[in-house]
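Read the structure below first, then the notes.
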Amino acid sequence: MVENNELRKVGLKVTLPRVKILQMLDSAGQRHMSAEDVYKALMEAGEDVGLATVYRVLTQFEAAGLVERHNFDGGHAVFELSDGAHHDHMINVDTGEVVEFIDADIEKLQREIAAQHGFDLVDHKMVLYVSKRK
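Residue numbers (my numbering): 720 to 853.
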């Protein structure tokens with residue numbers, strides 16, 4: 720029922736594929752999923768939703784602001800539900816794990832750097848590519 724309200728709120732018609740995909744993104748163990756990940760999870764759950772439909776719906780969700788698209792590691796797109804809160808990402812280059820983090824000092828420094836150059840910081844995305852220390 721919550722999914723129906725979310726879809727209506729952003730002006731999308733409530734359809735079974737949209738509801739199923741939104742439920743999958745909301746209940747998935749991983750927060751960042753590719754279209755293929757969503758498709759595989761739907762297939763494993765016995766849902767009959769085609770891969771082209773998953774791509775189309777994710778694009779609609781992105782346009783409506785329900786999900787954010789990230790192009791980590793060479794353009795491989797992953798999606799996460801938008802919760803309105805800003806956060807940055809670290810990508811473990813050894814495992815592909817995505818770690819979200821928030822750091823007030825980094826946020827402050829970015830605003831200060833923009834101001835030093837005569838700008839107001841409007842938005843940003845920061846991705847750190849990391850590897851476990853040996």
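C-beta atoms are modelled at their ideal positions from N, C-alpha and C, and glycine is treated no differently.
Note that the coordinates shown come from a computational prediction; the quantities given were computed from them, not determined experimentally.
- Secondary structure at Glu-831: helix, using DSSP grouped into helix, strand and coil.
- Under the three-pair Cβ rule at 8 Å, the region 827 to 839 does not count as touching the region 774 to 792.
- For Ala-796, the enclosing beta strand (DSSP E) covers residues 795 to 800.
- Beta bridge pairing from DSSP links Asp-807 with Phe-820.
- Separation of Val-757 and Gln-835 (C-alpha to C-alpha, rounded to the nearest whole angstrom) is 43 Å.
- When DSSP states are grouped into helix, strand and coil, Met-762 belongs to the helix group.
- A Cβ-Cβ distance of about 18 Å is found for the pair Met-809 and Phe-798, leaving them out of contact under the 8 Å criterion.
- An exposed status is given to His-795, since fewer than 16 other beta-carbon atoms sit within 10 Å of its beta-carbon.
- With the rule of 3 Cβ pairs closer than 8 Å, the region 767 to 783 counts as touching the region 736 to 747.
- Secondary structure of Phe-780 (DSSP, three-state): helix.
- In this structure, the CA atom of Lys-844 is about 15 Å from the CA atom of Asp-824.
- Sequence-distant partners of Arg-727 (beyond 5 residues in either direction) whose C-beta falls short of 8 Å from its own C-beta, in its chain, are Val-733.
- Per DSSP, reduced to three states, the secondary structure at Met-743 is helical.
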